[in-house]
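Q: Provided herewith is a single structure, encoded as structure tokens, for subsequent inquiry.
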Ligand SMILES: [Zn+2]
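Chains as they are written, first to last, in the working numbering: chain A, 3 to 342; chain B, 4 to 797.
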């Protein structure tokens, strides 16, 4: 039987020299192993000893065990600290090595822009309303004061299925349908959707495109309210430095009627090449809803009035992302779509 | 319309108003000036041609001119032969920039010095004519050209369809005068009437057959005119407006059209049978040789001007060649009429001929304008072409213009604009625009719009008149805000709800596309999906004459397009409506179900197709689950566009949503795509309707036990059937069953396959023992043996 203190100092020396956790595990087993460990071995003959000796040996063995355990914990902590201190060298990788391509799909830029527009206008209390794309002559034209033979109808040259049925030339029919359905103002709606005009495809226009129109019907609405709404919308979409101007124009379904322009984002309104030196970019049309149009929607124009506006989603996307050819939106070239 | 700044100066004092200022005022008021071209003539000098000789060496026809420039003479070479000795011409000397941008240099052309250039009207931006040197009718050699022609500014403006009065310089000038608050120096109605005897109405018989199509016809007789070229200033103004000068009579009618917006026509009185004018519809098989040299067949819908025997003009569109004014003409009939707008537009469309006249008539002109235009033209003819105008013209006026009165409650102006406009200012603006304003006892305004403004009929129109001159930039932007006692709570839009689906698809590598809804009918027919197609009756072209009945062909095309551009593995989708005509119901709107469709490429082997199909199925399951709708089931089906052995109907709560499968090989090869395509297309609306807010379930408290089971069955038995049998015989302890492998080969008999399932068992009350699970597995095996003659691989 070895001397406990001798054994302890041997163990502590071995622990102090150990360079790895494996080594420490081996030492732990050597001294503290349940069956064959040296500390257990110390006690193997304890049964034959006198009570006083028993107690002394037990105490010595316990002390030895505690000392070895304490040394193991401390040495393990030292080794771990040393490992962590060296990580920068031992586990360094080439951090510039590129990751493998991610198989991620893209949401189309028109969806993104439509989403932004919906979100901005919902924040003002507007609700999205949808309607059919194949419309009746009445909803598409008559209800909007665009009676047959009206000279303004030239701007809404349409695709027909029969004399009564056509592809809607704007989402305005949804405004009429919404007024008829909701009946009682206040009405604050937007009407995103596809529309069709019989114009040959060019860089700036297509026979099919997408619009968002807005309609507010309430008590005492003003041109100022309409301007404020457009300004809020444009600044929310393009930044608060943008300005909006309304220019008198003519639509049979609004009175007064306007076109609205947004200050050029490149020159800030001074005039540059991209705004053709005007400082302004045309975005859409707007106006105070014509009393007859309200009547056609079942709203009493002596009690309520309204304003409405409309623009192309593609146009907004072109202005936002510098797209110079509208056809790119409907040509499913992934090289284009994946840019957004 | 082209507007000459110089011409506007005839009617309003432009002192201190630059062309840009004028353009800004007009744009702000609703006459949108799209471009402004400045023509600076100050560097051009007047020269007099002394000698003209042909260049002896040049291969092209060139002419050498000796030009007197006042203090010296210069040799100048030109390509046009019309600068004959004695001509006064515009000269650009070396170092100057011609208005069209050309910089003139001292040159030597084949041995002859050329010290400058002689300019054409086009080079000076005074018109479109570049056929010859511009010949001046007056001027002193050596003096600047601006001593006879002022520098020009031309605006290109868009006139809205409600303002035909602005299709003439006088109307534009009236707008400008109102905006500048300066007087308009020309009255709308000229005083000139003519004084020669006998009364003009006795010299020609005028009748209108169809007063609906012609509400007024004025015919003025002018005798003894001398037809010849118009004075230089008049020709120049026509050219600047894009109109080619012809002779003084025709030029004057065109000039008045550009000034008053009233189209006019001059007939050679001697060539009118009768002489009579009959405004009637064309007879069947009538034909007219028109002024542009084209003979046109007329239809009975078209209104014509006829003499006693035959048509001499298409009303409001173009005159006839045979009755036109020529150099031999001495007596003319001056026509100033009012034709029905829609009728003129229709005729002009059918003939495929849009003229300066038809562009104005089709917007509906006021009959009072016809008289103003006639008087102005007659006065100019007497002044510039001689002749005597006979008094008391023929004036058939079956539909006299009714004066319109509009009552305005002036407070409406502030109410609509949202800002305060002082009453005096509003009244002054209306008066500047020639409205007659009478303030009534009750404070309302009784307003009489000017006769040339047929577009003003309701109080809101008057608010617009005030607003646009007052200036909308002076209206402060506000947001509407009212205390409402009713509202509609926000409902999330369908498109925003579908963003959940977009997230799943994007995560699975699918990219969204937007494709045209108009496709080719022939293509749909070829794919046999044209049965419910809506076909456009006036398509622009064959390749977009029909509304698509499925999104899948667009996606197949998308794959092909990207393949052509070097991309092979493609996964695309679209969310859009398809259009399905309701069979047997004519003239009703089609169904427009909103669909989600996706297509992905796979390699050419059957196994690759099957693998891609299974993956796509997971994607579709994910889409539906993202909307919190119950899971859909798949049932073997056959559908157009799909592979006959690899197509499933997608069913939700017993309702068929659409199909998932591999696309038919003919669809793939039809788009020249190698390999296979898998895809699905479902109506998403029932899924949205079935969506429920997910309710939290308690988390399991006891562990699950998993067991794999390999089932050998005949080839015809489907995994779906086995899963159903497993669920039915397992009882409550089976939490989940999933098929994960299919195997055919060595250890499986011929005509059989092995499908491996992972079964998950769990009890909500206790930890399951192996013995309990073994019992359930035995039940399952028994059930599978009975129902599908299954064997089991260990
Ligand atoms: Zn700019």
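Built from N, CA and C at the ideal position, the CB exists for glycine as well.
1) Between the segment 225-238 of chain A and chain B, which residues of the former have CB atoms less than 9 Å from a CB of the latter, in chain order?
2) For chain B, find out if any of its Cβ atoms is closer than 8 Å to the Cβ of residue 129 of chain A; answer yes or no.
3) Closest Cβ-Cβ distance between residue 174 of chain B and chain A: below 8 Å?
4) Who does residue 149 of chain A pair with in a DSSP beta bridge?
5) Return yes when the Cβ of residue 212 of chain A is within less than 8 Å of the Cβ of residue 315 of chain A, no when it is not.
6) For residue 209 of chain B, which residues of its own chain have a beta-carbon under 6 Å away from its beta-carbon, when the five flanking residues on both sides are left out?
7) To which residues of the same chain is residue 83 of chain B closer than 6 Å at the C-beta, ignoring the five residues directly before and after it?
8) Which first and last residues belong to the beta strand (DSSP E) in which residue 18 of chain B is found?
9) Report the residues of the segment 3-23 of chain A with a CB closer than 7 Å to any CB of chain B, ordered along the chain.
10) Among residues of its own chain, excluding the 5 on either side of residue 3 of chain B, which ones have a beta-carbon nearer than 8 Å to its beta-carbon?
11) Return helix, strand or coil for residue 226 of chain B, following the three-state DSSP convention.
12) Are there 16 or more other CB atoms within 10 angstroms of the CB of residue 586 of chain B, so buried, or fewer, so exposed?
13) For the putative contact between residue 665 of chain B and residue 681 of chain B, defined by C-beta atoms under 8 Å, what is the C-beta separation to the nearest angstrom?
14) By Cβ distance, which residues of its chain are closer than 7 Å to residue 541 of chain B, with the 5 residues on each side in sequence left out?
15) Does the Cβ of residue 309 of chain B have 16 or more other Cβ atoms within 10 Å, making it buried, or fewer, making it exposed?
16) Report yes or no: is there a C-beta of chain A within less than 8 Å of the C-beta of residue 592 of chain B?
17) Quick check: what's the CA-CA separation for residue 216 of chain B versus residue 343 of chain B?
18) So residue 167 of chain B and residue 318 of chain B are in contact, right, with Cβ under 8 Å, and what is the actual spacing, rounded?
19) Residues in the same chain with beta-carbon distance under 6 Å from residue 3 of chain A, minus the five sequence neighbours each way, listed in chain order, please.
20) Mind checking who residue 309 of chain A pairs with in its DSSP beta bridge?
21) Have a look at B/314, B/593 and B/273 and flag the residue whose alpha-carbon is nearest the alpha-carbon of residue 286 of chain B.
22) Between the segment 539-553 of chain B and chain A, which residues of the former have a C-beta closer than 8 Å to a C-beta of the latter?
23) Please say whether residue 337 of chain B and residue 380 of chain B have beta carbons closer to each other than 8 Å?
24) With a floor of 4 residues, list each alpha helix (DSSP H) that falls wholly inside the segment 644-702 of chain B, ordered by position along the chain.
25) Can you pull out the residues from the segment 297-329 of chain A whose beta carbon lies closer than 7 Å to at least one beta carbon of chain B?
26) Quick check on residue 94 of chain A: does DSSP put it in helix, strand or coil?
27) Any heavy atom of ligand 1 within a distance shorter than 7 Å of the CB on residue 38 of chain B?
28) Just to confirm, is the Cβ distance from residue 193 of chain B to residue 352 of chain B under 8 Å?
29) Only counting runs of 4 or more residues, tell me where the alpha helix (DSSP H) segments fall wholly within the segment 98-148 of chain A, in order along the chain.
30) Am I right that residue 37 of chain B and residue 159 of chain B are in contact with their C-beta atoms under 8 Å? What's the rounded C-beta distance?
31) For ligand 1, is there a heavy atom less than 7 Å away from the beta-carbon of residue 277 of chain A?
32) At a CB distance below 8 Å, what residues from the segment 493-513 of chain B approach chain A? Give them in sequence order.
33) What residue from B/642, B/94 and B/340 has the CA that sits closest to residue 107 of chain B's CA?
34) By Cβ distance, which residues of its chain are closer than 7 Å to residue 721 of chain B, with the 5 residues on each side in sequence left out?
35) Can you tell me which of the three DSSP states residue 314 of chain A falls into?
36) Contact between the segment 128-146 of chain A and the segment 170-184 of chain A: three or more CB pairs below 8 Å?
A: According to the structure shown:
1) 225, 226, 227, 228, 229, 230, 231, 232, 233 and 234
2) yes
3) no
4) None, per the DSSP bridge assignment.
5) It is a contact, given that the beta carbons lie within the stated cut-off.
6) 220, 222, 280, 397 and 399
7) 135 and 136
8) Careful: residue 18 of chain B lies outside any beta strand (DSSP E) and carries neither H nor E.
9) none
10) The requested residue 3 of chain B does not occur in the structure, where chain B is confined to residues 4 to 797.
11) In the structure shown, residue 226 of chain B sits in a strand (DSSP, three-state: E or B).
12) exposed
13) 5 Å
14) none
15) buried
16) yes
17) Looking at the two C-alpha atoms, the distance is approximately 5 Å.
18) Wrong, their Cβ atoms sit about 17 Å apart, outside the cutoff.
19) Because the pLDDT of residue 3 of chain A is 48, which lies under 50, any placement of that residue in the model is unreliable, and the number read from its coordinates should be weighed accordingly. Nothing listed; no residue qualifies.
20) A/218 and A/290
21) Checking every option, the nearest Cα to that of residue 286 of chain B belongs to B/314.
22) Among the residues of the segment 539-553 of chain B, those with a Cβ less than 8 Å away from any Cβ of chain A are 539, 540, 541, 542, 543, 547 and 550, in the order of the chain.
23) yes
24) 668-673 and 688-693
25) none
26) Of the three classes helix, strand and coil, the one that applies to residue 94 of chain A here is coil, per DSSP.
27) no
28) no
29) 111-124 and 139-142
30) The Cβ separation is near 5 Å, so the contact holds.
31) At least one heavy atom of ligand 1 is nearer than 7 Å to the Cβ of residue 277 of chain A, so yes.
32) 493, 494, 496, 497, 498, 499, 502, 505, 508, 509, 510, 511, 512 and 513
33) B/94
34) Within its own chain, no residue has a Cβ closer than 7 Å to the Cβ of residue 721 of chain B once the five positions on either side in sequence are excluded.
35) If DSSP states are grouped into helix, strand and coil, residue 314 of chain A belongs with the strands.
36) A contact exists between the segment 128-146 of chain A and the segment 170-184 of chain A.
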